[in-house]
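Visitor: Handing you a structure now.
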Amino acid sequence: MKNTKGFTLIELLVVISIIGVLALMGLRLYLTQQDKAKNAIVKANAGTVQTLIQAELADEDINLARAVEIAIAARLHNPFNNVIMDGAGDFPKSTNTPGKIQINLSDGVFSIQGYGADGLLPDILTARR
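Following our numbering, the numbering of the sequence shown begins with 21 at its first residue and continues without gaps.
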């Protein structure tokens, strides 16, 4: 009678395949969580811009250019390209670049909206005097 110890090649391949499938599932979940985290940072950045503009409006009326200056002075972090948003191009009237914050002024009301991983985020924040 032959004494066999260990695993067959088929058994090892099945185990490796199962581990591979589990790893791919985990990677997929990890990547979607990264996008959610980056979107949360963009929402927080938009909220910061709204708060700063609202605070300035408590003291005086401001125009769109001044609102953009206020946003630039905050030196917010863009989570999608890991740079500090310190130029007017980071706060355009409209955008399709992830991480940027739109600032618009219409009838004395500022609207602030972030652009996330999959497009404009649904939250539109407003600031008015």
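For each residue, glycine too, the CB sits at the ideal point set by N, CA and C.
Between I92, T146 and T115, which has its C-alpha nearest D138's C-alpha?
Guide: Within the sequence shown, numbered from 1, the residue matching residue 138 stands at position 118. If we check each option's Cα against that of D138, T115 comes out closest.
Visitor: Which one of D81, T68, N101 and A78 has the shortest CA to CA distance from A93?
Guide: Working through the sequence shown from its first residue, we reach residue 93 at position 73. Comparing Cα positions, the closest option is T68.
Visitor: So the candidates are N101, L32 and Q122; which of them puts its Cα closest to the Cα of A108?
Guide: Counting from 1 along the sequence shown, the entry for residue 108 is found at position 88. Minimum Cα distance to A108 is reached at Q122.
Visitor: Going by beta-carbon coordinates alone, are L125 and G134 separated by less than 8 Å?
Guide: On the sequence shown, position 105 is the one that residue 125 refers to. On the sequence shown, position 114 is the one that residue 134 refers to. In this structure, the beta-carbon distance from L125 to G134 does not fall below 8 Å.
Visitor: If you reduce the DSSP assignment to three classes, tell me which class N83 lands in.
Guide: Position 63 of the sequence shown, counting from 1, holds the residue named residue 83. The answer is coil: DSSP assigns N83 none of H, G, I, E or B.
Visitor: Taking DSSP's pairing of strands, which residues face F27 in a bridge?
Guide: Residue numbering aside, residue 27 sits at position 7 when the sequence shown is read from its first letter. Note: F27 sits in no beta bridge, so no partner.
Visitor: Give the range of the beta strand (DSSP E) segment to which G136 is assigned.
Guide: On the sequence shown, residue 136 is found 116 positions in, with the first residue counted as 1. From DSSP, the beta strand (DSSP E) with G136 extends over V129 to G136.
Visitor: With DSSP as the reference, please indicate the residues paired to V88 in a beta bridge.
Guide: Stepping through the sequence shown from its first residue, residue 88 is reached at position 68. DSSP, once it has assigned bridges, lists no residue as partnering V88.
Visitor: In the DSSP assignment, the beta strand (DSSP E) including T146 goes from what residue to what residue?
Guide: Taking the first residue of the sequence shown as 1, we reach residue 146 at position 126. L145 to R148 is the span of the beta strand (DSSP E), which, as asked, contains T146.
Visitor: Give me the DSSP bridge partner(s) of Q122.
Guide: For the purposes of this step, residue 122 is taken as residue 102 along the sequence shown, with counting starting at 1. In the DSSP output, where bridge partners are listed per residue, Q122 has Q133.
Visitor: Between A75, D106, N102 and A147, which has its C-alpha nearest I61's C-alpha?
Guide: Numbered from its first residue, the sequence shown carries residue 61 at position 41. Ranking the options by Cα distance to I61, first place goes to N102.
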